Amino acid sequence: MADTPTSRMVHPFGNVPRQTPKQFLYSGNTQHLCHPYQSASDTHVVPQHHYTMKSHSLDAGSEEYETHKQYTLDSSAASGCSRHDSPSSQSIHTGSGSPLSHEDSHSGSTNGNGSPVSASCVTEDPTDLKQKLKDLEAVMLGTDSEIVDSLEISVANQLSLEPEKWVHMMSMPKGNLKELLIACARAVEHSNTFAIDLMIPELRKMVSVSGEPLERLGAYMVEGLVARLASSGNSIYKALKCKEPKSSDLLSYMHFLYEACPYFKFGYMSANGAIAEAVKGEDRIHIIDFHIAQGAQWISLLQALAARPGGPPFVRITGIDDSVSAYARGGGLELVGRRLSHIAGLYKVPFQFNAVAISGSEVEEGHLGIVPGEAVAVNFTLELHHIPDETVSTANHRDRILRLVKGLSPKVLTLVEQESNTNTAPFAQRFAETLDYYTAIFESIDLALPREDRERINMEQHCLAREIVNLVACEGEERVERHEVFGKWKARLMMAGFRPSPLSALVNATIKTLLQSYSPDYKLAERDGVLYLGWKNRPLVVSSAWH
1 MADTPTSRMV HPFGNVPRQT PKQFLYSGNT QHLCHPYQSA SDTHVVPQHH YTMKSHSLDA
61 GSEEYETHKQ YTLDSSAASG CSRHDSPSSQ SIHTGSGSPL SHEDSHSGST NGNGSPVSAS
121 CVTEDPTDLK QKLKDLEAVM LGTDSEIVDS LEISVANQLS LEPEKWVHMM SMPKGNLKEL
181 LIACARAVEH SNTFAIDLMI PELRKMVSVS GEPLERLGAY MVEGLVARLA SSGNSIYKAL
241 KCKEPKSSDL LSYMHFLYEA CPYFKFGYMS ANGAIAEAVK GEDRIHIIDF HIAQGAQWIS
301 LLQALAARPG GPPFVRITGI DDSVSAYARG GGLELVGRRL SHIAGLYKVP FQFNAVAISG
361 SEVEEGHLGI VPGEAVAVNF TLELHHIPDE TVSTANHRDR ILRLVKGLSP KVLTLVEQES
421 NTNTAPFAQR FAETLDYYTA IFESIDLALP REDRERINME QHCLAREIVN LVACEGEERV
481 ERHEVFGKWK ARLMMAGFRP SPLSALVNAT IKTLLQSYSP DYKLAERDGV LYLGWKNRPL
541 VVSSAWH
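The sequence shown begins at 1 in full-length UniProt numbering and counts up by one.
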């Protein structure tokens with residue numbers, strides 16, 4: 001999920017609408033990944049499909065997938081065309097079965113009365129003429145059944161169709177976008193190029209960045225599939241990062257997302273509530289934020305600490321950066337430090353900012369500037385899933401970071417994560433999970449902003465779409481979006497030595513008050529001190545605290 005000015009943003013999609021649509025060509029031949037399928041020439045009139053895979057410009061007016069049908073007819077003997085002989089050299093059988101050549105029709109044969117049979121007598125009987133024309137046609141072209149059989153054999157040979165492929169074609173989902181997307185993902189997983197050729201053009205017709213929620217999401221899911229087929233997922237992912245809108249526009253899109261949905265406010269408010277309770281009574285507080293973004297999460301906490309009876313404590317914040325947030329800010333962490341220092345000054349809170357301009361997976365204890373006597377609080381808001389685990393490398397930075405943090409003896413660790421299983425699931429399952437999760441996100445956005453709203457389209461493209469493409473198109477170290485469900489996070493945290501710190505009734509009540517400003521379809525649930533925020537029956541974000 002994307003960062004916002006007051007939330008954790010995902011990598012935004014590039015400013016693709018201003019770019020020439022990128023062309024992706026794919027082939028079943030692993031030696032030629034960037035070439036379209038080429039069918040062998042045939043002697044019959046058979047459509048040869050050349051699929052031009054064009055990525056969406058991701059604009060409301062983007063080009064659709066184009067299919068060009070070229071018909072070829074090879075008639076020369078040199079091309080291997082198997083033709084019937086010319087009627088001038090072929091014997092023609094009469095209805096009586098006697099062969100009648102061109103010369104025979106003018107011969108001295110006699111009729112039943114012994115009179116010569118002239119050439120004109122062949123056409124005297126209309127019925128006989130029709131029969132002879134049929135016989136001529138049969139000799140030249142074969143019977144109707146032979147023609148049909150010949151064409152069927154030709155088409156089958158042309159497309160190399162096995163029986164199960166015909167069955168697959170006939171059973172392909174018709175008109176159901178979700179089913180067709182999942183079927184196409186399965187075809188991609190199993191390298192079923194025939195099914196892919198059938199389904200991608202259909203999907204292109206069914207998706208739109210300005211349509212229904214599933215149609216909008218489908219546009220980005222198809223984009224991911226095309227990138228995966230072209231083995232260019234990471235190239236696109238990096239290229240789009242370089243084509244981001246100017247920083248002020250990106251910050252605006254982030255703000256739209258923050259205001260449209262309560263997911264980020266939920267995460268920030270619940271984490272701040274847990275931290276405030278854990279450091280109650282402490283005079284010196286050190287907050288370590290593993291993805292500080294714009295630093296807006298801490299404004300409300302500074303305000304709350306300023307209102308403490310007896311005066312505010314000393315507060316030090318260590319902010320760990322990321323390149324996307326730096327771009328949106330238009331500068332480095334010093335901008336965040338100046339902003340927070342200014343706000344702390346307004347509230348008369350003693351304040352210090354420590355900038356760590358590296359990614360979360362690179363952090364070592366020496367970067368954090370731990371000072372004895374400070375109450376440490378560590379915050380992971382929509383960030384820990386970006387840190388690679390044991391399935392990516394033996395370094396397993398995800399668990400390493402948790403052990404490092406445990407060694408700091410923090411008063412509290414706050415974890416806010418998306419409730420989704422995309423880390424280790426096989427591709428088709430991961431695709432289906434991504435589809436289900438983001439369908440709920442797009443449906444909730446649909447309530448807040450009109451479908452034709454240009455700002456909504458830009459927000460979805462730049463704050464959500466690039467994350468979706470990464471989930472679908474990339475593998476290994478290139479796939480940075482690796483979500484886990486809460487049960488897995490719980491196992492990791494407990495293995496690192498943490499124990500749950502249930503969120504209080506006050507935090508729960510605060511979130512309920514927040515949700516009163518939003519649709520009743522947003523659901524809040526509490527289980528064993530852990531808060532779940534969802535859309536209808538689908539949990540989307542989970543907040544928990546640990547010590």
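Think of the CB as a built atom: it goes at the ideal place given N, C-alpha and C, for glycine as much as any other residue.
Here the structure is a predicted model, which means the values were calculated and not measured.
Reduced DSSP secondary structure (H/G/I, E/B, other) of residue i
{"i": "Asn458", "result": "helix"}
{"i": "Asp492", "result": "Per the sequence shown, the amino acid found at residue 492 is Arg instead of Asp. Three-state result, Arg492: helix."}
{"i": "Thr391", "result": "coil"}
{"i": "Gly295", "result": "coil"}
{"i": "Asn470", "result": "helix"}
{"i": "Ala195", "result": "helix"}
{"i": "Phe486", "result": "helix"}
{"i": "Asn272", "result": "helix"}
{"i": "Ala509", "result": "helix"}
{"i": "Val207", "result": "coil"}
{"i": "Val376", "result": "strand"}
{"i": "Asp289", "result": "strand"}
{"i": "Pro262", "result": "coil"}
{"i": "Pro500", "result": "strand"}
Cα-Cα separation between residue i and residue j, rounded to whole angstroms
{"i": "Val542", "j": "Asp197", "result": "39 Å"}
{"i": "Gly338", "j": "Leu229", "result": "What sits at residue 338 in the sequence shown is Arg, not Gly. Roughly 46 Å separates the two Cα atoms."}
{"i": "Ser248", "j": "Glu334", "result": "17 Å"}
{"i": "Arg284", "j": "Val376", "result": "9 Å"}
{"i": "Arg499", "j": "Trp546", "result": "6 Å"}
{"i": "Leu203", "j": "Gly224", "result": "13 Å"}
{"i": "Val222", "j": "Ser210", "result": "15 Å"}
{"i": "Asp528", "j": "Val188", "result": "40 Å"}
{"i": "His190", "j": "Ala271", "result": "42 Å"}
{"i": "Asp521", "j": "Leu180", "result": "27 Å"}
{"i": "Asp389", "j": "Asn423", "result": "9 Å"}
{"i": "Gly175", "j": "Pro201", "result": "13 Å"}
{"i": "Ala195", "j": "Ala185", "result": "10 Å"}
{"i": "Glu417", "j": "Gly311", "result": "33 Å"}
{"i": "residue 557", "j": "Thr193", "result": "The displayed coordinates of the chain run from 1 to 547. Any statement about residue 557 would go beyond what the structure contains."}
{"i": "Val336", "j": "Gly295", "result": "6 Å"}
{"i": "Lys406", "j": "Val530", "result": "20 Å"}
{"i": "Glu215", "j": "Lys265", "result": "27 Å"}
{"i": "Ala278", "j": "Leu413", "result": "10 Å"}
{"i": "Met199", "j": "Tyr263", "result": "34 Å"}
{"i": "Val226", "j": "Ser325", "result": "28 Å"}
{"i": "Arg308", "j": "Ser544", "result": "24 Å"}
Which residues DSSP lists as bridging residue i, in chain order
{"i": "Ala545", "result": "Thr414"}
{"i": "Met532", "result": "Sequence inspection shows Tyr at residue 532; the Met mentioned does not correspond to that position. Answer is Ala525, Val542, bridged to Tyr532."}
{"i": "Arg284", "result": "Phe314"}
Practice task
Indicate whether the contact test is met: 3 or more Cβ pairs, each with one atom in the segment 380 to 387 and one in the segment 282 to 300, closer than 8 Å.
Solution key: yes
Problem - beta strand (DSSP E) runs wholly inside the segment 398 to 450, at least 3 long, in chain order - result: 412 to 418
Problem - Validate contact between the segment 494 to 501 and the segment 246 to 259 using beta carbons, cut 8 Å, 3 pairs - result: no
Exercise for the section: Would you check if there are 3 or more beta carbon pairs closer than 8 Å linking the segment 344 to 358 to the segment 299 to 313? Expected result: yes
Practice task
Take every Cβ of the segment 367 to 379, pair it with every Cβ of the segment 453 to 473, and state whether three or more of those distances are shorter than 8 Å.
Solution key: no
Practice task
May I ask you to verify whether the segment 508 to 518 touches the segment 395 to 412, counting CB pairs closer than 8 Å and requiring at least 3?
Solution key: no
Practice task
Determine, using beta-carbon pairs with one atom in the segment 499 to 507 and one in the segment 468 to 485, whether at least three such pairs fall under 8 Å.
Solution key: no
Handout entry: 4-residue-minimum alpha helix (DSSP H) runs that sit fully inside the segment 319 to 373, ordered along the chain
Key = 323 to 329, 333 to 346
Practice task
May I ask you to verify whether the segment 432 to 449 touches the segment 530 to 542, counting CB pairs closer than 8 Å and requiring at least 3?
Solution key: yes
Problem - Three or more C-beta pairs below 8 Å linking the segment 425 to 434 and the segment 389 to 398 - result: no
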